[in-house]
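Trainee:
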Amino acid sequence: HEFCKRLPKIELHAHLNGSIREETLVELARERGVELPPEFHDGFHTNRDPSQFLNSKPRSLVDCFHIFSFIPKCVSDVAALERITREALEDAADENICYIELRTGPKILFHHEGEVCTKEDYLGTIIRVMESFERRELNRYEAIDRRIKSKTVEEAYENVDLAIELKASGCKQIVGVELGGDPTKNDFGEHFLPVFSKARRHGLPISIHCGEVPMARESRDRPDLVRAHEEALSILKFGPERLGHSLLISEDLGVMLDDLLIPVEVCPTSNVLTLELANHEEGCLLKGIQNHPQLRKWLDSKYPISLNTDDAGIFATTLTREYALVAKAFHLSKIDLSNMLIDSVETIFDPGKEKLKQAITTRVNMMLGP
Ligand code: 5GP
8 HEFCKRLPKI ELHAHLNGSI REETLVELAR ERGVELPPEF HDGFHTNRDP SQFLNSKPRS
68 LVDCFHIFSF IPKCVSDVAA LERITREALE DAADENICYI ELRTGPKILF HHEGEVCTKE
128 DYLGTIIRVM ESFERRELNR YEAIDRRIKS KTVEEAYENV DLAIELKASG CKQIVGVELG
188 GDPTKNDFGE HFLPVFSKAR RHGLPISIHC GEVPMARESR DRPDLVRAHE EALSILKFGP
248 ERLGHSLLIS EDLGVMLDDL LIPVEVCPTS NVLTLELANH EEGCLLKGIQ NHPQLRKWLD
308 SKYPISLNTD DAGIFATTLT REYALVAKAF HLSKIDLSNM LIDSVETIFD PGKEKLKQAI
368 TTRVNMMLGP
């Protein structure tokens, strides 16, 4: 754990609202009169010590999306947005994360005086917090970046246009766009392909959540499985720069992926909880991670992956814990773990990857000694 904590890590898959601290969410809910759902209380630990976790059940994808719907009700104004952004960056700095890509869907909020805060202001607020943090923590942060996420089709165009505009105006914090949200809603090929093609034409790297729900190439009585397969196929054909999760991809798509070698953002705790392979108890979590549908194969074949938290607040985890769990589950040595980290720097969206890779390699070599 100590070694994993000291490692100069990178976080490439962290949803801003999902990274909210538990105590912040509870406090904001109280202030704004929002009643949090029973799944939230059931699933939450009383403090940052994971052994104190109250939940004995996995937190399924459906539970997660239910909880997610309450967070914007609590993060409803600019002050709250500033707070969760600052806290996410502080938590990352405490974790020795030297590069983070925070992803979020721009939302319409309110200023304290009741004035509307547009999507541009939403992004502007986050960027301002990032800039002030970078100045303060210059030695710890190579770069702090964020990405815009898309929901419905019209919003997707709006968000991608915003990202294009900001990038064109020289904003260094916008490094790419992603597609996330409830995987049972809309379809990549049918609804989002033109939007992401536009982002690509404007030089924005793309990450797409993939393989979060079961799929099958053929099924007589489960058209949903076939649809999920077709969607994943159209995502792979599009060839985003990175994929999120990619847990339940069918065998034929797995073969295709082995050829394409699209880097995958792995979020171990999130993956095994949402797949209901484990609960939060450490022994169970470890077994769940050993039974992760893809991770062992990816580690053995040195497939390009990165380790991430997904929603540190919702899954009550830290990046240090994710590294430690994977190392323990698969008996990885310090050198194995370090090599995986250094290789994952290849997959960042910021153009300064060579410099970052060099800086991390130097620090890791100092930690490993002669
Ligand atoms: P936000 O964009 O509001 O800052 O971050 C929270 C949102 O990220 C959630 O409402 C949800 O749409 C999305 N999200 C968080 N975790 C996951 C995940 O594991 N899978 C998918 N598909 N979306 C997620």
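In UniProt numbering, the protein residues as written are 8 to 377. Using N, Cα and C, we set each Cβ at its ideal position, and we do this for glycine too.
#1: Does the Cβ-Cβ distance between LEU232 and LEU260 come in under 8 Å?
#2: I'd like the list of long-range same chain contacts for ILE269, defined as Cβ closer than 6 Å, with 5 residues on each side in sequence excluded.
#3: Measuring alpha carbon to alpha carbon, tell me which of THR276, LYS309, HIS22 and TYR310 ends up nearest ARG66.
#4: Going by alpha carbons, who is nearest to CYS105 out of GLU89, LYS80, GLU18 and SER76?
#5: Could you compute how far the alpha carbon of GLY188 sits from the alpha carbon of PRO377?
#6: Rounding to the nearest angstrom, what Cα-Cα distance links ARG147 and ASP228 in this structure?
#7: Between which two residues does the alpha helix (DSSP H) carrying SER351 extend?
#8: In whole angstroms, what separates the C-alpha of PHE245 from that of MET222?
#9: Going by C-alpha distance, which of ILE349, GLU288 and GLU283 is nearest LEU68?
#10: Does the segment 27-47 come into contact with the segment 351-368, if we say contact requires no fewer than three beta-carbon pairs (one atom in each stretch) closer than 8 Å?
#11: Going by DSSP, which residues form a beta bridge with ARG249?
#12: Heavy atom of the ligand 5GP less than 7 Å from the Cβ of PRO190, yes or no?
#13: Report the three-state DSSP secondary structure of SER58 (helix, strand or coil).
#14: Quick one: Cα of GLY121 to Cα of SER83, how far?
#15: Do you know whose CA, among LEU211, GLY196, PRO190 and LEU375, lies nearest LEU170's CA?
#16: Looking at THR327 and ALA21, is the spacing between their C-beta atoms short of 8 Å?
#17: Using the C-alpha atoms, what's the distance from ARG135 back to PHE72?
#18: Using beta-carbon positions only, say whether TYR344 and ALA334 come within less than 8 Å of one another.
#19: I need the DSSP call for CYS105, collapsed to helix, strand or coil.
#20: Put GLY183 into one of helix, strand or coil per three-state DSSP.
#21: Would you identify the three-state DSSP class for ARG66, choosing helix, strand or coil?
#22: Locate the beta strand (DSSP E) running through GLU272, then write down its first and last residues.
#23: Do PHE199 and ALA163 count as a contact pair if the criterion is CB distance below 8 Å?
#24: Is PRO201 buried or exposed, if buried means 16 or more other CB atoms sit within 10 Å of its CB?
#25: Report all residues from its chain with a CB closer than 8 Å to the CB of ASN54; omit the five preceding and five following residues, and keep chain order.
#26: For a test of your reading of the model: does the CB of LEU268 fall under 7 Å from any non-hydrogen atom of the ligand 5GP? Yes or no.
#27: Can you check whether the CB of SER253 is closer than 8 Å to the CB of CYS217?
#28: What residue does the alpha helix (DSSP H) around ILE355 start on, and which one ends it?
Mentor: Quick answer:
#1: no
#2: LEU250
#3: THR276
#4: GLU18
#5: 45 Å
#6: Because the pLDDT of ARG147 is 42, which lies under 50, any placement of that residue in the model is unreliable, and the number read from its coordinates should be weighed accordingly. Cα to Cα, the separation comes out at about 54 Å.
#7: 341-351
#8: 18 Å
#9: GLU283
#10: no
#11: SER214
#12: yes
#13: Caution applies to SER58, whose pLDDT of 41 falls short of 50 and renders its modelled position unreliable; the value that the coordinates give is listed next. If DSSP states are grouped into helix, strand and coil, SER58 belongs with the helices.
#14: 11 Å
#15: The question names Leu, but residue 170 is Ala in the sequence shown. When only C-alpha atoms are compared, the closest one is LEU211.
#16: no
#17: 28 Å
#18: In the sequence under discussion, the amino acid at residue 344 is Leu, which differs from the Tyr named in the question. Yes; because the gap between Cβ atoms is below 8 Å, this pair is in contact.
#19: strand
#20: strand
#21: coil
#22: 271-273
#23: yes
#24: exposed
#25: Residue confidence is low: ASN54 scores 45 on pLDDT, short of 50, so the model does not pin down where it sits. Its coordinate-derived value is still stated next. Cβ within range, chain order: n/a, list empty.
#26: no
#27: yes
#28: Taken as a continuous stretch (DSSP letters only), ILE355 belongs to no alpha helix (DSSP H), as it is neither H nor E.
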